[in-house]
Amino acid sequence: MVQNDVISRGVVIAPVEPALQHMAEKLTLINQILASNWNDHSIEELRVKARTEREPIWTLEDGLLLRNGWLWVTEGTYKGKLLRTLIIKEAHE
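The opening residue of the sequence shown carries number 0 in numbering that gives the first Met the number 0; numbering runs sequentially from there.
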């Protein structure tokens, strides 16, 4: 009865599962970006700079490499695409 009343008023209730799936995909991408920053051996030289340089261009915060206070995104990939490309795509959707 309630569902018929909602439909008669023109209110459309979107299914929750597609929205949750989209959110899960975003969280997976974020996790991949963070994991890449933590684990990518190709940025070890930058980590050394973050620990030793007097000018704080490069810093470490909770094990994450930052440049000028922003998270450094490595050249890693997720599902065969560059992380940086996926971030740009996500920002423009």
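In this text, a Cβ means the ideal position worked out from N, Cα and C, and glycines have one as well.
Since this is a predicted model, take the numbers as computed values, not measurements.
According to DSSP, is residue i part of a helix, a strand, or is it coil?
i	result
residue 60	strand
residue 66	strand
residue 51	helix
residue 21	helix
residue 37	helix
Go to residue i, then tell me how far its alpha helix (DSSP H) extends in each direction, as first and last residue.
i	result
residue 42	Looking at the DSSP string, residue 42 is not in any alpha helix (DSSP H), and its letter there is neither H nor E.
residue 83	82-90
Whose C-alpha, out of the options, is nearest the C-alpha of residue i?
i	options	result
residue 54	36, 66 and 44	66
residue 74	39, 28 and 89	39
residue 36	89, 56, 69 and 52	69
residue 42	80, 24 and 59	59
With DSSP as the reference, identify every bridge partner of residue i, one or two as the case may be.
i	result
residue 27	Residue 27 is not bridged to any residue.
residue 76	81
Roughly how many angstroms lie between the CA atoms of residue i and residue j, to the nearest whole one?
i	j	result
residue 32	residue 46	16 Å
residue 22	residue 77	16 Å
residue 85	residue 91	10 Å
residue 16	residue 62	34 Å
residue 34	residue 80	15 Å
residue 19	residue 83	24 Å
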